[in-house]
Ligand code: URA
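In this note's numbering, the protein residues as written are 3 to 427.
Printed below as a string of structure tokens:
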């Protein structure tokens with residue numbers, strides 16, 4: 003087997019055999035296939051696609067490049083969620099302890115943010131003392147009590163994907179449904195969860211801009227999960243408007259805690275409960291009532307135990323940015339659009355995100371929304387508050403927001419787009 007013949011097969015629109023896939027993924031992981039060869043193959047896949055059988059084999063090869071965790075000895079069924087990423091998407095924070103409060107064990111392996119979407123670990127690390135790197139033994143202990151863990155994936159979990167994802171990031175080959183589906187699902191299957199709900203985002207602030215692409219990605223991932231014995235379903239949800247009223251690390255933690263306290267923005271609560279219902283049903287916990295667990299404080303109790311287990315202080319004040327800038331409404335009317343991409347880029351430029359993997363993030367930086375689509379607003383009243391430690395960034399963030407919000411004086415019949423657009427599974 004040689005890399006050039008594998009690349010040529012895909013370049014010419016052919017299908018890769020099982021043996022070609024197994025070899026190229028394993029040889030790339032070992033360093034025997036060079037980065038430039040894998041980049042050429044990734045570009046050929048992006049341009050010519052892979053069929054379902056090729057994607058399934060590619061995913062299996064990436065899982066086989068490392069360890070697959072096994073939590074079948076736990077007394078509770080395992081359940082997890084994965085989101086394809088969006089602006090203000092803090093759902094993992096309330097959802098993880100909520101699922102634990104409802105009887106599931108949640109092995110949530112998360113990442114750090116890159117670009118305009120935030121990463122769950124960056125959000126959690128804004129909690130004083132929080133530690134994302136935990137040992138295997140700690141992970142197993144946390145899954146018993148408090149019943150959940152949110153940590154960084156270890157090096158031995160789908161190492162082929164770790165290497166390939168870095169390469170795709172710098173070679174313009176991220177936006178390929180077969181490569182995204184196999185990348186996400188290889189990690190989630192290797193993580194050892196028995197049930198998985200996917201939140202596939204579509205809209206300006208998401209990877210997928212078109213509904214048909216989001217649906218195809220969702221269907222591909224659901225069938226990959228099912229093929230590997232993971233009960234999987236997906237919700238397709240709108241991401242043209244940020245989720246909730248905050249984008250930025252500590253700002254989002256604050257909002258997540260509001261949800262766990264029984265309040266919080268209606269869209270965050272709606273999506274948290276919808277994803278919880280899916281995950282609990284897949285895990286066989288059909289009698290559990292997630293709305294009750296939010297209302298009676300049992301999810302909040304799990305959250306506090308989760309934060310404490312990770313070394314954090316659930317009562318410590320969250321970091322706040324040193325400087326604020328309030329953007330006011332230019333007109334009176336109804337807000338019809340708050341563009342998720344514009345808000346995501348502004349939060350990133352204020353210091354909430356990073357450009358390179360090794361960059362630090364500002365825990366207090368971000369954007370707060372005072373109005374969402376459907377809200378009435380008066381000229382001169384606060385529309386957005388920008389938060390940063392480095393005020394020289396305000397101008398640059400404001401540029402990103404230019405044209406990002408629409409206020410219509412009299413939008414007859416305007417209703418905001420529903421959040422949950424479809425279900426696959
Ligand atoms: N997230 C992943 O883990 N992989 C992708 O390819 C895209 C998003």
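From the three backbone atoms N, C-alpha and C, an ideal C-beta is built for every residue, glycine too.
State the start and end residues of the unbroken beta strand (DSSP E) segment that holds residue i.
| i | result |
| --- | --- |
| residue 423 | 422–426 |
| residue 339 | 335–340 |
| residue 330 | 325–330 |
| residue 197 | 197–204 |
| residue 370 | 368–371 |
| residue 161 | Element bounds for residue 161: not the beta strand (DSSP E) but the alpha helix (DSSP H), 161–171. |
| residue 225 | Premise fails: residue 225 lies in the alpha helix (DSSP H), 213–229, not in any beta strand (DSSP E). |
| residue 357 | No beta strand (DSSP E) contains residue 357, which DSSP labels as neither H nor E. |
The ligand URA and residue i: does any heavy atom of the ligand fall closer than 7 Å to the residue's C-beta?
| i | result |
| --- | --- |
| residue 85 | no |
| residue 57 | no |
| residue 159 | no |
| residue 181 | yes |
| residue 30 | no |
| residue 211 | no |
| residue 35 | no |
| residue 189 | yes |
| residue 152 | no |
| residue 176 | yes |
| residue 112 | no |
| residue 185 | yes |
| residue 343 | no |
| residue 167 | yes |
Assuming residue i is part of the alpha helix (DSSP H), what are its boundary residues?
| i | result |
| --- | --- |
| residue 244 | Per DSSP, residue 244 belongs to no alpha helix (DSSP H) and is neither H nor E. |
| residue 48 | 37–50 |
| residue 124 | 122–126 |
| residue 188 | 179–192 |
| residue 294 | 292–297 |
| residue 61 | 54–66 |
| residue 300 | 300–311 |
| residue 83 | Run containing residue 83: none in the alpha helix (DSSP H); it sits in the beta strand (DSSP E), 81–85. |
| residue 208 | Counting along the chain, residue 208 falls outside any alpha helix (DSSP H), and DSSP gives it neither H nor E. |
| residue 5 | 5–13 |
| residue 73 | Premise fails: residue 73 is in no alpha helix (DSSP H) and is neither H nor E. |
| residue 396 | 396–403 |
| residue 20 | 20–32 |
| residue 268 | 268–284 |
| residue 256 | 251–262 |
Tell me, to the nearest whole angstrom, how far the beta carbon of residue i is from that of residue j; I am working on the premise that it is less than 8 Å.
| i | j | result |
| --- | --- | --- |
| residue 80 | residue 227 | Not a contact, Cβ separation roughly 13 Å. |
| residue 367 | residue 349 | 7 Å |
| residue 266 | residue 272 | So it is not a contact: roughly 10 Å between Cβ atoms. |
| residue 96 | residue 258 | 5 Å |
| residue 60 | residue 178 | Contact flag wrong, Cβ pair sits at about 11 Å. |
| residue 111 | residue 155 | 4 Å |
| residue 99 | residue 262 | 7 Å |
| residue 84 | residue 245 | That belief does not hold up - the Cβ atoms of residue 84 and residue 245 are roughly 15 Å apart, past 8 Å. |
| residue 329 | residue 389 | Not a contact, Cβ separation roughly 12 Å. |
| residue 235 | residue 425 | 7 Å |
| residue 407 | residue 385 | 6 Å |
| residue 229 | residue 44 | 22 Å between Cβ atoms; not a contact. |
| residue 198 | residue 72 | With a Cβ gap of about 15 Å, residue 198 and residue 72 do not count as contacting. |
| residue 69 | residue 145 | Not really, about 16 Å apart at Cβ, beyond 8 Å. |
| residue 114 | residue 124 | 5 Å |
Report yes if the C-beta of residue i is less than 7 Å from at least one heavy atom of the ligand COA; otherwise report no.
| i | result |
| --- | --- |
| residue 67 | As for the ligand COA, it is missing from this structure, which binds only the ligand URA. |
Please state if the CB of residue j and the CB of residue i are separated by a distance shorter than 8 Å.
| i | j | result |
| --- | --- | --- |
| residue 31 | residue 161 | yes |
| residue 281 | residue 403 | no |
| residue 173 | residue 41 | yes |
| residue 238 | residue 216 | yes |
| residue 203 | residue 163 | no |
| residue 103 | residue 383 | no |
| residue 208 | residue 86 | yes |
| residue 122 | residue 94 | yes |
| residue 345 | residue 249 | yes |
| residue 380 | residue 331 | yes |
| residue 296 | residue 264 | yes |
| residue 55 | residue 13 | no |
| residue 130 | residue 315 | yes |
| residue 355 | residue 149 | no |
| residue 409 | residue 340 | no |
| residue 413 | residue 243 | no |
So what does residue i bridge to, in DSSP terms?
| i | result |
| --- | --- |
| residue 108 | 150 |
| residue 99 | In the DSSP output, where bridge partners are listed per residue, residue 99 has none listed. |
| residue 384 | 330 |
| residue 237 | 201 and 425 |
| residue 390 | 325 |
| residue 410 | 336 |
| residue 379 | 335 |
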